[in-house]
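Novice: Sharing a structure below in structure tokens format, with a few things to ask.
Residue numbers (mature numbering (1 follows the signal peptide of the UniProt record, and there is no 0)): -20 to -1, 1 to 634.
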């Protein structure tokens, strides 16, 4: 578990490091001559506020210690043991269970060397370390030292003339940019955001209710309520303690999302980049399959028993602190049932940003905590609860089938972003139909272990699952008997990703351009306005907009007849740009971003000109780059139609 925790922190840190403009560590190299053959190579280190850099002497099985080594291919000198370090701090780590050693604010690291080659004038050392606050970043850089006193310029990214020219081409000469800051024409964006947060809260709340009905949580209700009601002679005080217990449950699950807020603040593109990463989507696919196996009873997921033992011991302290550790104990011991649901919630809401993740986690914690508080207030309600039994295991197995279905959504994301063509729309729908059919067989008692009698509710649930399988089954055919759009919108691959037709990567078989310059040139030739569509292969809301809003006849005809559609996929990181189109983009802060794929280019185009990294993101403009309306995002049919009409009217009136 410790190794997993380290890898998780480093994985998140690597994503941050690759996207971030800011480095929390600045190193200045210096040289002091000791004798004709000995030199002290000095690293003067400045560390950003709230960060700390781990020492060479940090213990094993903890955060990674610093290492100093000769650069690859260098010889003619040797390192005289480990480097000397200036003052460090030592602090006990609850995670690793040992004292950790690190630098705070600043540090000096002195590596003495002995030179055996008298012709050697420059030496390069590699400094490999880990710098952390709520999450960790790798720090791995080479530093060159001059033994002759000559000033050595450290390696920096240089931008050639081609990169300067191509960088400039991504900074669009937009006109009428006042509309980019206005929301007078499209005032529903705030409402849409509120609706999105409400939806994710409700999704988390439902997840919490399902978790409550699992064998890990449900049987704990009578024990916990009895503890609070018998703990004190004053009923009011016992009820107050139970309510506080529920509050701490909500707080603990809310805190799980806290590190992602720092990632989101560091760079708004980070969470979006992580959520559309092929390997991360494959990782979530494997994890959800693994979680499903746990729900099916093949094995049990547990956190280290030492965690629950420590939390349980701390709960005996009493007072508010004791109640907090009681809530923490519940969160730990119920992990085998709540972990898979939390994992699905985290994976599903990650692309929406840290705020959505927090809202979902709070919803989950609230649904889990509410019954404990209510039953403590009204203990007589315990008599109305059904007894623990086989039905709890049935709930777990049903959740296993749900986890299995959602796992294929992440495999579909990887397939779309990677352009593999393995999981076409019809195959995806067929897998979901098969899972629904197998769930029905389980609920009817034909497969799997039988826990108790087949109740009427279970039969009704089985009929619903069978009905879902029948509803989905025609989706595997070229011309299905009915459309599955309403139910699968945003989950299934888009219609153009089909085994029955050539994949043109254009939604609804519209004519679209996938290159900005080509699309604008065509718009000039036909004198039509541009609908600029920043989208993504793994973007759920993009698919919902295309399948539910764009498919409406009045909107479809507007896009098809009156606009030139330019769809730019910001997560298209598998298609590499031709070598002559690859360059280093100069950001407004002077930093450099490497543009090597089409996804790099279009994500940078969006961020540089429209100061956003979310998708879908729609812009209306003339071929001369005059903005015709405020940008639009995920919205309803009427708003989107009026938005398109307003932009078209403005274009025609010019």
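Each residue gets a CB set at the ideal place from its N, CA and C atoms; glycine is no exception.
So what does DSSP say about residue 522, is it helix, strand or coil?
Specialist: In the structure shown, residue 522 sits in a helix (DSSP, three-state: H, G or I).
Novice: Applying the criterion that 16 or more other CB atoms from any shown protein chain within 10 Å of the CB defines a buried residue, is residue 399 buried or exposed?
Specialist: Result: exposed.
Novice: Go ahead and label residue 629 buried or exposed: buried means 16 or more other beta carbons lie within 10 angstroms of its beta carbon, across all protein chains shown.
Specialist: Per the 10 Å Cβ criterion, exposed.
Novice: If I measure Cβ to Cβ from residue 579 and keep anything under 7 angstroms in the same chain, skipping five residues before and after, which residues do I get?
Specialist: Hits under 7 angstroms: 549, 550, 551, 552 and 553.
Novice: Spatial neighbours of residue 134 within its chain, please: CB distance less than 6 angstroms, with the 5 preceding and 5 following residues excluded, ordered by chain position.
Specialist: For residue 134, the predicted model reports a pLDDT of 47, less than 50, meaning its position is unreliable and no value from the coordinates is stated.
Novice: Would you kindly work out how many angstroms separate the C-alpha atoms of residue 270 and residue 391, rounded to a whole number?
Specialist: Whole-angstrom Cα-Cα distance: 14 angstroms.
Novice: With burial defined as no fewer than 16 other Cβ atoms inside 10 Å of the residue's Cβ, what is the status of residue 533: buried or exposed?
Specialist: Counting Cβ neighbours within 10 Å, residue 533 comes out exposed, since fewer than 16 surround it.
Novice: Is residue 459 close to chain C, meaning its C-beta is less than 8 angstroms from at least one C-beta of that chain?
Specialist: Within the model displayed, chain C is absent; a lone protein chain is all it includes.
Novice: For residue 306, which of 97, 575 and 230 has the nearest alpha-carbon?
Specialist: Nearest option by C-alpha distance: 230.
Novice: Report the rounded CA-to-CA distance for residue 1 versus residue 40, giving the unit in angstroms.
Specialist: Residue placement at residue 1 is poorly supported in this model, since its pLDDT is 40, which falls under 50; the coordinates are not used for a value here.
Novice: Considering only the alpha carbon of each residue, which of 435, 376 and 454 lies closest to residue 408?
Specialist: Minimum Cα distance to residue 408 is reached at 454.
Novice: On the DSSP bridge assignment, give the partners of residue 622 in chain order.
Specialist: Answer is none; residue 622 lacks a bridge partner.
Novice: Taking residue 126 and residue 11 to be in contact with their CB atoms under 8 angstroms, please state how far apart those CB atoms are, rounded to whole angstroms.
Specialist: Indeed, because the Cβ distance is near 6 angstroms, the residues count as touching under 8 angstroms.
Novice: Using only the alpha-carbon positions, how far apart do residue 586 and residue 440 sit?
Specialist: Computed Cα separation, rounded: 49 angstroms.
Novice: So if DSSP puts residue 653 in a beta bridge, which residue, or which two residues, is it bridged to?
Specialist: Residue 653 cannot be examined here, being either before or after the span of the chain that is shown, -20 to 634.
Novice: Excluding sequence positions up to five away, which residues of its chain have a Cβ less than 7 angstroms from the Cβ of residue 627?
Specialist: Once the five neighbours on either side are set aside, the close Cβ partners of residue 627 are 509, 600, 608 and 609.
Novice: What is the DSSP secondary structure of residue 532, reduced to helix, strand or coil?
Specialist: Coil.
Novice: For the structure I just gave you, are there three or more beta carbon pairs, one from the region 63 to 70 and one from the region 25 to 37, closer than 8 angstroms?
Specialist: Contact holds: three or more Cβ-Cβ distances are below 8 angstroms.
Novice: How close, in whole Å, do the beta carbons of residue 530 and residue 460 come, if the pair is a contact with beta carbons under 8 angstroms?
Specialist: That pair is no contact at about 19 angstroms.
Novice: From this set, 337, 617 and 543, which residue's C-alpha is nearest residue 513's C-alpha?
Specialist: Comparing Cα positions, the closest option is 543.
Novice: Since residue 78 and residue 42 are thought to touch, with beta carbons under 8 angstroms apart, how far apart are those beta carbons, to the nearest angstrom?
Specialist: Confirmed, about 6 angstroms.
Novice: Note the first and the last residue of the continuous beta strand (DSSP E) segment covering residue 497.
Specialist: First-last for residue 497: 496 to 506, but that is the alpha helix (DSSP H), not the beta strand (DSSP E).
Novice: In this structure, what does DSSP give as the bridge partners for residue 129?
Specialist: Per DSSP, none; premise fails for residue 129.
Novice: Give me the Cβ distance between residue 4 and residue 117, rounded to the nearest whole Å; I'm assuming they're in contact under 8 angstroms.
Specialist: Yes, they are in contact, since the Cβ atoms of residue 4 and residue 117 sit about 7 angstroms apart, within 8 angstroms.
Novice: Looking only at its own chain, which residues have a Cβ that is under 8 angstroms from the Cβ of residue 584, when we skip the five neighbours before and after it?
Specialist: 150, 565, 573 and 575, listed in sequence order.
Novice: Would the region 176 to 184 count as touching the region 335 to 350 if we require 3 or more Cβ pairs under 8 angstroms?
Specialist: Counting Cβ pairs under 8 angstroms, three or more are found: they touch.
Novice: DSSP three-state call for residue 136: helix, strand or coil?
Specialist: Legend: pLDDT at residue 136 = 44, less than 50; position of this residue unreliable, value from coordinates given subsequently. Residue 136 falls in the coil class under three-state DSSP.
Novice: In angstroms with no decimal places, state the Cα-to-Cα distance between residue 420 and residue 496.
Specialist: Those two C-alpha atoms are separated by around 48 angstroms.
Novice: Could you tell me if the beta carbon of residue 616 falls within a distance shorter than 7 angstroms of some heavy atom in the ligand ZN?
Specialist: Annotation note on the ligand ZN: not contained in the displayed structure, which lists no ligands.
Novice: Thinking just about the alpha-carbon of each residue, which of 535, 145 and 504 is nearest to the one in residue 616?
Specialist: Answer by Cα proximity: 535.
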